[in-house]
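Report on the structure given below.
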Amino acid sequence: MSRPQKGETAPDFTAKDQNGNEISLKNYRGKKVILYFYPKDSTPGCTAESCDFRDHYEELTKDGFEVIGVSADSEKSHQKFIEKHSLPFTLIADTDRDVIEKYGAWGEKKFMGKVYDGILRSTFVIDEDGKIAEVIEKVKTKAPVAQVRELLN
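All residue numbers for the sequence shown refer to my numbering, where the first residue is 253 and numbers rise by one.
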C-alpha cells in the first residue's frame with residue numbers, strides 16, 4: 253500500500269497497545285498525534301528514537317501532542333521495552349502489520365548487502381482534524397523530536 257501524504261486524511265485504525273487495550277486513532281480527534289513506526293523494540297536505533305520522544309514527552313504534551321509508537325513486536329515485548337526505558341506513551345503491538353501497512357511503513361530494506369522486507373522507519377504528524385500535517389521518511393533516530401519541530405516551525 254502506498255504511504256499517505258501530507259494533507260490527506262490519516263488512515264483510521266484500531267489496534268492493541270502494550271496492555272492489550274484497543275487504541276483507535278479516531279479517539280484522538282481534537283489532539284495532535286505523533287505516530288512513529290520503528291522496526292524493533294530494544295535495538296539501538298529504535299531505543300534512541302523512543303528515548304528522545306520520552307525525554308521530550310512533557311514539552312510535547314504541553315504543546316498538545318500525543319505520542320504513539322508502532323512496531324510489529326508483541327505486547328509483552330512492548331511492556332519490557334517501556335519498563336526498561338520508562339517510556340510514558342503508548343506502543344501499539346501491530347503483530348498482524350495492519351496499521352503498518354495502512355501507513356505504507358512496510359517495504360523493501362537493504363542492510364549490509366542484503367535485501368529484505370521490514371518496517372520502514374517513518375513518522376506521521378497528524379493534526380486535530382485527523383489530517384496528516386507532516387510525513388518524515390528519513391527519520392533521525394537520535395533527534396526525531398527536533399526533526400518534527402523543525403518541520404512544524
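Cβ coordinates follow ideal geometry from the N, Cα and C atoms, glycine included.
Whole beta strand (DSSP E) elements within the region 283-338, 3-residue minimum: Counting only unbroken stretches of 3 or more residues, the beta strand (DSSP E) elements lying wholly within the region 283-338 are 284-289, 317-323, in sequence order.
Distance CB(L277)-CB(F289) smaller than 7 Å: Reading the sequence shown from its first residue, position 25 is the one you call residue 277. Reading the sequence shown from its first residue, position 37 is the one you call residue 289. Contact annotation: L277 and F289 have beta-carbon atoms that are not nearer than 7 Å.
Distance between W358 and A324 (C-alpha atoms, nearest Å): Walking along the sequence shown from the start, residue 324 turns up at place 72. Walking along the sequence shown from the start, residue 358 turns up at place 106. Rounded to whole angstroms, A324 to W358 spans 10 Å at the Cα level.
Residue closest to F317, alpha-carbon to alpha-carbon, out of L287, T299, S302: Position 65 of the sequence shown, counted from the start, is the residue given in the question as residue 317. Looking at the Cα atoms, L287 is the closest of the given residues.
Burial state of D307, where buried means 16 or more other Cβ atoms lie within 10 Å: In the sequence shown, residue 307 corresponds to position 55, counting from 1. The residue in question, D307, is exposed, as its Cβ has fewer than 16 Cβ neighbours within 10 Å.
As assigned by DSSP and simplified to three states, the class of V400: The count along the sequence shown starts at 1 and reaches residue 400 at position 148. In the structure shown, V400 sits in a helix (DSSP, three-state: H, G or I).
For T347: DSSP bridge partner residues: Locating residue 347 in the sequence shown gives position 95, where the first residue counts as 1. Per DSSP, none; premise fails for T347.
Cβ separation of K292 and A385, assumed to be a contact under 8 Å, to the nearest whole Å: On the sequence shown, residue 292 is found 40 positions in, with the first residue counted as 1. On the sequence shown, residue 385 is found 133 positions in, with the first residue counted as 1. Not quite, the Cβ-Cβ distance comes to about 27 Å (not below 8 Å), so this is no contact.
At least 3 beta-carbon pairs within less than 8 Å: the region 393-401 vs the region 363-382: A contact is defined here as three or more CB-CB pairs under 8 Å, and the region 393-401 meets this definition with respect to the region 363-382.
Between the CA atoms of E360 and C303 - distance to the nearest angstrom: Working through the sequence shown from its first residue, we reach residue 303 at position 51. Working through the sequence shown from its first residue, we reach residue 360 at position 108. A direct Cα-to-Cα measurement between C303 and E360 gives close to 26 Å.
Distance, K362 Cα to Y368 Cα: In the sequence shown, residue 368 corresponds to position 116, counting from 1. In the sequence shown, residue 362 corresponds to position 110, counting from 1. Spanning the two alpha carbons is a distance of roughly 6 Å.
Among K366, I371, V319, H330, nearest to K268 - alpha-carbon criterion: Here residue 268 is taken as the residue at index 16 of the sequence shown, counted from 1. Distances from the alpha-carbon of K268 to those of K366, I371, V319, H330 put H330 closest.
Beta-bridge partners of S276, as assigned by DSSP: Here the question's residue 276 lines up with position 24 in the sequence shown. Its beta-bridge partners are T266.
C-alpha gap between M364 and G282, whole angstroms: In the sequence shown, the residue the question calls residue 364 occupies position 112. In the sequence shown, the residue the question calls residue 282 occupies position 30. If I take the Cα positions, the gap works out to 43 Å.
Exposure label - G272; buried when at least 16 CB within 10 Å: To locate residue 272, count along the sequence shown from 1; it is residue 20. Result: exposed.
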